[in-house]
Amino acid sequence: MRQSFFSNMSSISSAVMKIKSALILTAFIWAGISTRSTAQVSTNQFKGVNWADPRDNFQSGVIYISGLSSTDTYASASVVAERVVGQFVSKLGSNSVRLPINEATVSTYWNTYTGAIDMALTKGKVILCYWDRFSGANPLDMNAFYAMWKKVVDKYGSNPNCYFEVYNEPSGFTKANLLSMYATWLSNNPNIPHNRIILDGSGLAMNVPDVGSDPRFSKCLLAVHDYSFFAGYTTEQEWRNHLKSFVGAYANRTVMTEFGAPMKPGSKNGINYGVQDYNSPPGTYFVAYLRGMTSQLREWNMGSFYWPGLRDNDWYSLTTRTGSGASISLTLNNQSGLDRVHYAWGGVDKPRGPYKGTPHAIPGTIQLEEFDEGGNGISYFDNSPGSEVTPVVNFRITEDVDIQTCTDAGGGYNVGYTKAGEWLEYTVNVTTAGNYDVAFRIACNGTGRTLSLSMNGTTLGITLAVPNTGGWQTWGTSTVKNLPLKAGQQVLRLTVGTVDDVNLNYLSFSPSIIAGLENEEVSGIALYPNPFEHSVTLNFKNEFDFKVFDLSGRLMLQGAAFGVVSVGEELKRGVYLLQIVNDGKSYLSKIYKK
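Residues in the sequence shown are numbered from 12 upward in steps of one, following this note's numbering.
Shown next as structure tokens:
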């Protein structure tokens, strides 16, 4: 069920509640029957999202999932899928996508649509699911329905990453007719392993035992749906019980192919709702619903597909799309919502937050191995489980990020073996709004690598072209200047571009140089240590004048020296500008007192 279903709720709500009551009774009956032996012990291989048509997937004509149109070709559809599904993987931590099909799409748009499907299959698992003209409809021509499926299965039946969900929410069928249709489908497609066939529960995919109890389907996967508009519960436990009543004794081979809640502000039944915080105890029934669903899914170790990962103009959508074709970018709509989806997928059960509990200060230096707590897909995204570093270093060994011993000045650790699309997040506290220079301390043995930054899900508009430093432990600094930052606590994300492998040591943020101070290079200056705890040493072969300013431009220190001098003991902790003048030339540097 989707948002368009809301408009029909007044006419069917009483029927749904009757169905729900009957299902609860049915669940108790089936709970006493032992589950049949199957090879399937859980379905947690699916960590998925739906990719949907902005109009909804119930269409009599061609289905155009968000980002595709009638003018696309196989090649352009492949590009769109690379951008969308690639960002489902990199930004949402998904490994599966559920895609809709119908007769019109397979008969007239297939040569284009397969471009998207083929690309999606290179990113992970794909469920192809049949959708009828509208909710509650039956196919106008069952022969055409079966012929459509034969064409799909002929193309993708041999791909082990492709799964077939025979019929989405088959509420137009009686139980007997539904079971007969499923049996015919299996008979028509005998070469498909049953554990790649998904059968929705009867009704709105709400009665799993109706299908799961039939011995003909004992090795098939089953599907359940549950939405907040099916009931009005206000506690997590009520929603957990609600889902249990739909699944009965068949959780071990059921996949929740749809569940969802608002990720953006919106309205329902004349009531306006703001952004929901799903990491807090229930304040609305939306929060109670999503927390209840995700907790029960986690307990069952059940695979699931959030509705939707992307659907343009849907307040339930996890992401918002901007751009088209190769320029498509997805922006996360609600971090707390994604956190709960990750929880359902079995993400690490620990709170999202800064490393060691304290945000990184800006201005200041962020050691990039000190990414936030939370786990893979939550505070970072790493393509491969475990560490690729041999031997594994004794630092954050439970994380999937590849951490190495660093030979740069200062030692410590660096992040290595980075792959395209991987990202790391850091909770930061920007002390003062303004423009900052950010220095990337990086090492790379090749070309074509890029890095980008975003803050709270919004790009900061920079893409750093990583230079070839000549080795994986040959470190260099590349600086991006005048980056505007807002004050306050925020989440900074560092993302690897489309080419693998760049080693990451630290980011150093400093206020941009105050306008009006000249900066001509003066050769032969040595400045150390920086940052410093007590004083910083200036070493210059000739006589020189020096001044130290705070970030507002106020003069804090000044003097003259020849050779070596130490300054800064009287300064408080913070960032300052040091100006050295010799022979009419001026040298500027930021200095940091820790």
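We put the beta carbon where it would ideally sit given N, CA and C, even for glycine. On a predicted model such as this, the values are computed, not experimentally measured, just so you know.
How long is the line joining the alpha carbons of residue i and residue j, rounded to whole angstroms?
i: LYS605; j: SER463; result: 28 Å
i: SER48; j: ARG227; result: Because SER48 carries a pLDDT of 32, less than 50, the predicted location of this residue cannot be relied on, and the following value inherits that uncertainty. Each residue's alpha carbon lies about 13 Å from the other.
i: ASP561; j: LEU518; result: 22 Å
i: GLY334; j: VAL95; result: 11 Å
i: TRP486; j: THR461; result: 16 Å
i: ASP221; j: ALA148; result: 19 Å
i: ARG584; j: VAL449; result: 20 Å
i: TRP311; j: SER182; result: 26 Å
i: VAL441; j: ALA498; result: 5 Å
i: GLU399; j: ASN387; result: 15 Å
i: PHE451; j: ASN516; result: 8 Å
i: LEU566; j: LEU588; result: 9 Å
i: PHE39; j: GLY259; result: Here PHE39 scores only 31 on pLDDT, less than 50, and its place in the model is too uncertain to base an answer on.
i: SER546; j: GLU554; result: 20 Å
i: ALA526; j: LEU341; result: At ALA526 the pLDDT is 47, less than 50, meaning the model places this residue with poor confidence and gives no usable figure here.
i: GLY168; j: ILE203; result: 6 Å
i: THR46; j: LYS279; result: Legend: pLDDT at THR46 = 31, less than 50; position of this residue unreliable, no value from coordinates given.
i: ASN467; j: GLY281; result: 30 Å
i: ILE208; j: GLY357; result: 23 Å
i: LYS596; j: ILE377; result: 32 Å
i: LYS134; j: GLY97; result: 7 Å
i: GLY294; j: ASP143; result: 36 Å
i: GLY43; j: GLN248; result: At GLY43 the pLDDT is 32, less than 50, meaning the model places this residue with poor confidence and gives no usable figure here.
i: LYS29; j: LEU189; result: Residue confidence for LYS29 is low, a pLDDT of 35 falling below 50, so the modelled location carries little weight and cannot support an answer.
i: SER22; j: LEU496; result: Confidence at SER22 is low in this model, with a pLDDT of 36, below 50, so the placement of that residue should be treated as unreliable; the coordinate-derived value is given next. Their Cα atoms are separated by approximately 50 Å.
i: ALA272; j: ALA127; result: 26 Å
Alpha carbons only, please: which of the options is nearest the one belonging to residue i?
i: LYS552; options: ALA572, ALA299, TYR85 and PRO374; result: ALA572
i: THR548; options: ALA537, LYS558 and ASP556; result: ALA537
i: TRP62; options: TYR75, TYR85, LEU110 and SER80; result: LEU110
i: ALA372; options: SER521, ASN202, ILE112 and ASN206; result: SER521
i: TYR174; options: LEU233, SER340 and TYR157; result: LEU233
i: VAL513; options: GLU544, LYS558 and THR458; result: THR458
i: LYS136; options: SER118, GLN56 and GLN98; result: GLN56
i: ALA115; options: TYR193, LEU103 and TYR124; result: TYR124
i: SER101; options: GLY508, GLY281, SER577 and GLY579; result: GLY508
i: ASP594; options: LEU568, ASP556, GLY570 and GLU581; result: ASP556
i: GLY320; options: VAL108, ALA88 and PRO542; result: VAL108
i: THR82; options: PRO402, TYR120 and ASN170; result: TYR120
i: TYR244; options: PHE297, ASN154, ASP288 and TYR284; result: PHE297
i: SER395; options: ALA431, VAL404, LYS255 and LYS166; result: ALA431
i: TYR157; options: MET313, SER198 and GLY294; result: SER198
i: ARG332; options: ARG264, SER600 and LEU79; result: LEU79
i: MET217; options: ASN170, TRP142 and HIS253; result: HIS253
i: LYS367; options: GLU384, PRO402 and ALA88; result: GLU384
i: GLY223; options: ASN200, PRO201, ASN263 and PRO292; result: ASN263
i: SER315; options: LYS601, GLU580 and LYS58; result: LYS58
i: PHE145; options: PHE69, ALA272 and TYR539; result: PHE69
i: SER307; options: PRO365, ASP237, LEU329 and TYR284; result: The amino acid at residue 307 is misidentified as Ser; the sequence shows Gln. Comparing Cα-Cα distances from GLN307 to each of PRO365, ASP237, LEU329 and TYR284, the minimum goes to ASP237.
Rounded to whole angstroms, how far is the Cβ of residue i from the Cβ of residue j, which I believe are closer than 8 Å?
i: GLU380; j: PHE406; result: 7 Å
i: SER347; j: TYR300; result: The Cβ separation is near 14 Å, so there is no contact.
i: MET130; j: ALA92; result: 4 Å
i: SER390; j: ARG351; result: With a Cβ gap of about 15 Å, SER390 and ARG351 do not count as contacting.
i: ASN179; j: CYS231; result: Not quite, the Cβ-Cβ distance comes to about 16 Å (not below 8 Å), so this is no contact.
i: ASN212; j: PHE257; result: Note that residue 212 is Gly in the sequence shown here, rather than Asn. Contact flag correct, Cβ pair sits at about 7 Å.
Does the beta-carbon distance from residue i to residue j come in below 7 Å?
i: TYR424; j: CYS417; result: yes
i: PHE336; j: VAL73; result: In the sequence under discussion, the amino acid at residue 336 is Gly, which differs from the Phe named in the question. Going by C-beta atoms, GLY336 is not nearer than 7 Å to VAL73.
i: VAL586; j: TYR603; result: yes
i: TRP196; j: LYS275; result: no
i: VAL502; j: THR438; result: yes
i: TYR447; j: LEU494; result: yes
i: SER489; j: LEU471; result: no
i: GLY214; j: ARG251; result: no
i: ARG322; j: SER71; result: no
i: TYR261; j: THR305; result: no
i: ASN456; j: GLY482; result: yes
i: ASN550; j: VAL575; result: yes
i: SER118; j: VAL60; result: no
i: PHE382; j: LEU435; result: yes
i: PRO65; j: ASN345; result: no
i: VAL219; j: MET267; result: no
i: LEU210; j: VAL177; result: yes
i: ALA454; j: GLN484; result: yes
Complete beta strand (DSSP E) runs within the segment 365-406 (minimum length 3 residues, chain order): 371-373 and 375-378
Segments of 3+ residues assigned as beta strand (DSSP E) that fall wholly inside the segment 464-522: 469-476, 487-496, 499-507 and 514-522
Alpha helix (DSSP H) segments (min. 4 residues) lying fully within the segment 175-245: Listed in chain order, they are 186-199, 213-216 and 219-223.
Those runs of the beta strand (DSSP E) which lie wholly inside the segment 275-363 and span at least 3 residues: 277-279, 282-284, 315-321, 330-333 and 340-343
Any beta strand (DSSP E) of 3 or more consecutive residues that is wholly inside the segment 103-164: 107-112 and 136-141
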